[in-house]
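First to last, the protein sequences are chains A and B. Take the first sequence: its position 30, counted from the start at 1, is 30 in the numbering used here, and no numbers get skipped. Take the second sequence: its position 25, counted from the start at 1, is 25 in the numbering used here, and no numbers get skipped. Glycine included, every Cβ here is placed at the ideal spot set by N, Cα and C. A quick write-up on the structure given underneath.
Number of protein chains: 2
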Amino acid sequence: MKLFLGIDIGASGFKYGIGDTKNGLQCFDTIRLSEKSLQSFRSTFAQIFNRVKKWNVCGIGIGSPGTLSFPDGKIVGLNPNLRFWTNLNPAEIIPEDINLPVFVDNDANLMTLAESGLQDCELCVGITIGSGIGGGIVYQGSVFHGAHGFAAEIGHTIVYPEGELCACGKKGCVEAYSSVDGIRRRLQALNSPYAGMALPNLISLRNRISVVNKVIAQGEEAMIRAMANLCTILDPDILIFGGGAMDLSLYNIPTLEQGIKELLPEANAKHLKCVLARYGNRAGVMGGIQMCERMMTKE
Amino acid sequence: MKLFLGIDIGASGFKYGIGDTKNGLQCFDTIRLSEKSLQSFRSTFAQIFNRVKKWNVCGIGIGSPGTLSFPDGKIVGLNPNLRFWTNLNPAEIIPEDINLPVFVDNDANLMTLAESGLQDCELCVGITIGSGIGGGIVYQGSVFHGAHGFAAEIGHTIVYPEGELCACGKKGCVEAYSSVDGIRRRLQALNSPYAGMALPNLISLRNRISVVNKVIAQGEEAMIRAMANLCTILDPDILIFGGGAMDLSLYNIPTLEQGIKELLPEANAKHLKCVLARYGNRAGVMGGIQMCERMMTKE
């Protein structure tokens with residue numbers, strides 16, 4: 001049995017697992033980072049490899065935050081949560097004496113790849129909702145990268161021209177309304193005492209505190225508008241909503257689906273389905289394994 | 001030499017031509033429709049076939065307005081300018097005794113296919129600006145249809161939530177601002193005497209009449225916003241603007257390119273190029289020929 005190592009790089013820790021597409025994960029764990037530095041990234045990777053060396057791994061698939069250019073796999077632009085993590089290929093943290101094929105992709109792309117495998121679909125779009133908004137497109141079983149690797153930057157489509165300022169510097173991006181950080185910033189601007197509350201508590205206040213309800217409802221509406229435009233352009237058969245905030249039911253799937261359909265041309269609306277991601281926090285690792293397996297089977 | 005017949009179905013007439021990808025068009029002509037009816041469509045097709053029978057045609061590629069479902073090729077939904085032209089496959093107008101392979105696609109998809117062949121690109125998006133707004137996506141040399149054939153309905157992406165009413169019934173679509181009909185409707189709503197003017201004259205007034213300038217500038221701005229969102233989602237390397245209104249320079253290509261880049265994530269903006277379509281009114285016919293040739297070479 002051929003096994004693959006999947007690694008999901010995050011700002012607070014590395015998730016990893018061993019497995020294959022057919023049998024799923026044989027093991028899964030998270031290692032928290034001691035600090036945010038390239039040195040800590042390297043030693044965390046070494047630690048993972050030490051833990052999994054008893055398995056006969058034949059390839060490594062890495063999911064990374066940030067915008068990756070294709071085909072060279074380099075991270076371009078700024079990673080606001082990981083400022084040192086740019087202008088390099090994530091595979092560079094792997095020690096030179098590890099002679100295994102390595103494949104890298106954006107973490108939201110890999111989440112979408114893994115989740116799409118659980119659905120019957122031709123064209124699938126994945127949306128991760130957490131501190132920011134990530135996106136991935138999987139077409140006929142493969143990640144769609146666009147011309148340079150920058151496709152599916154869904155969080156920075158503009159839903160309200162000249163609207164709220166986004167962390168990216170533009171105004172009116174869906175991320176400024178629908179991400180957890182966006183919701184917090186909007187509550188802060190309203191001097192709401194709830195802005196800094198833990199997310200589960202904040203969500204539970206939605207039914208009782210009108211300002212919380214209003215800001216979350218506006219986040220839901222912005223997400224509906226962003227997704228309606230995306231579906232008008234792409235005509236996917238399924239939208240998969242994941243990420244930490246969706247695990248906590250920040251937005252309601254039937255509300256999203258109905259809202260999106262109301263804004264779509266009739267033909268596009270007819271077949272669309274919205275679902276919740278099913279792999280939870282393991283999606284990135286599973287996607288890394290699947291990417292690696294596919295690339296090595298192709299060769 | 002293998003030759004193919006391309007037909008571009010329009011509400012006022014059928015354009016047709018004979019040729020192949022390598023050598024281009026050997027002949028090209030337009031037949032105006034005597035009336036808008038299925039019967040007239042059938043007789044126009046028969047007329048074309050009579051004219052071209054001296055050529056040794058080995059396949060037919062048809063471009064049609066409207067939303068075509070894939071893979072069955074049926075037109076779905078309403079065709080506002082051709083109300084009888086729905087719920088059928090365009091190939092049905094071909095007499096039964098013509099035993100040639102027939103392939104159909106949306107006219108804007110075929111325009112994009114033809115124009116993309118003139119560019120060095122991985123992912124190309126074509127936009128036709130006329131009475132409405134059409135769109136097509138060509139990825140690695142093939143039309144990208146989405147999951148059901150409805151991709152690239154660019155005209156109905158919403159740029160201004162709760163904005164101007166569009167002919168489709170929704171509010172704020174780019175078509176309501178940037179299409180020629182949209183511009184006329186907006187001038188009408190302002191009681192402008194220029195609303196009904198022929199398009200070349202209307203465009204020439206832009207520098208002298210402030211209301212005309214304002215409405216056209218708003219159309220350009222809406223187009224910029226729609227394309228910025230599209231590029232954020234798709235990451236194309238080139239946007240090709242065509243259609244009758246662009247042949248008359250309704251919008252300025254450098255203005256569009258600069259405006260779109262200002263609204264894009266840095267990585268996406270870096271490589272983007274906007275160009276004017278080069279086949280003019282022959283793009284649909286040329287795209288039909290190329291589609292047919294490719295499909296028959298694949299088989």
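G19(A) has F4(A), L25(A) as its beta-bridge partners, per DSSP. About 12 Å separates the beta carbons of I224(B) and L272(B), which is beyond the 8 Å limit, so they are not a contact pair.
Distance from the CA atom of E115(A) to the CA atom of P80(B), rounded to whole angstroms, is 39 Å. DSSP places T67(B) within a strand segment (E or B) once states are collapsed to three.
In the three-state reduction of the DSSP assignment, N89(B) falls in the coil class. Residue state for R32(A) is assigned as strand, using DSSP reduced to three classes. Annotation: Cβ neighbours of G77(A) in chain B (cutoff 9 Å, chain order): P265, E266, A267. Residue nearest to F28(B) within the set Q119(B), K298(B), R51(B) is R51(B) (criterion: CA-CA distance). Neighbours of L250(B) across chain A, judged by C-beta separation under 8 Å, do not exist; the nearest C-beta is about 21 Å away. Within chain B, the residues A147 have their CB atoms less than 9 Å from the CB of C121(A), given in chain order.
Bridge pairing for V125(A): I137(A), L239(A) [DSSP]. Per DSSP, the beta-bridge partners of V275(B) are I240(B). For V102(A), the enclosing beta strand (DSSP E) has its first and last residue at 102-106. Interface criterion not met: the Cβ of T86(B) is under 8 Å from no Cβ in chain A. Residue-level contact by beta carbon holds for V159(B) and chain A, with a gap shorter than 8 Å.
Note on M227(A): 16 or more other CB atoms within 10 angstroms of its CB, so buried under the neighbour-count rule. Interface flag for P236(A) against chain B is set, since a Cβ pair is found closer than 8 Å. With contacts defined as CB atoms closer than 8 Å, L248(B) and L187(B) fail to qualify as a contacting pair.
At a beta-carbon threshold of 8 Å, the residues of chain B lying near K170(A) are L263, ordered along the chain.
Nothing from the segment 43-59 of chain A brings a Cβ to less than 8 Å from some Cβ of chain B. Exposed is the label assigned to K53(B), since fewer than 16 other Cβ atoms lie within 10 Å of its Cβ. If you check each beta-carbon in the segment 200-225 of chain B against every beta-carbon of chain A, the ones closer than 8 Å belong to R225.
Scanning its chain for C-beta atoms nearer than 7 Å, with the 5 sequence neighbours on each side dropped, one finds around L88(A) the residues K74, I75, in chain order. Rounded to whole angstroms, the gap between the alpha carbons of G66(A) and Q258(B) is 25 Å. When beta bridges are read from the DSSP output, G61(B) appears opposite G6(B), F103(B). Three or more beta-carbon pairs separated by less than 8 Å link the segment 285-294 of chain B to the segment 14-33 of chain B, which places the two stretches in contact.
Distances from the CA of K170(B) to each of K261(A), G155(A), G182(A) were compared; the closest alpha carbon is that of K261(A).
Taking CB atoms only, I233(A) has a neighbour in chain B less than 8 Å away. Straight-line spacing of the CA atoms in T112(A) and C274(A) works out to 13 Å. Taking C-beta atoms as the reference points, F241(A) and I253(A) count as a pair closer than 8 Å. Rounded to whole angstroms, the separation of the alpha carbons of N268(A) and A283(B) is 26 Å.
Under the DSSP assignment, C292(A) falls in the alpha helix (DSSP H) whose first and last residues are 283-298. One finds T157, I158, N229 in chain A with Cβ atoms closer than 7 Å to the Cβ of N229(B), taken in chain order. Collapsing the DSSP output to three states places I158(B) in a strand. Rounded to whole angstroms, I48(A) and C168(B) show a C-alpha spacing of 55 Å. Under the Cβ distance rule, A151(B) counts among the residues neighbouring chain A, one pair being separated by less than 8 Å.
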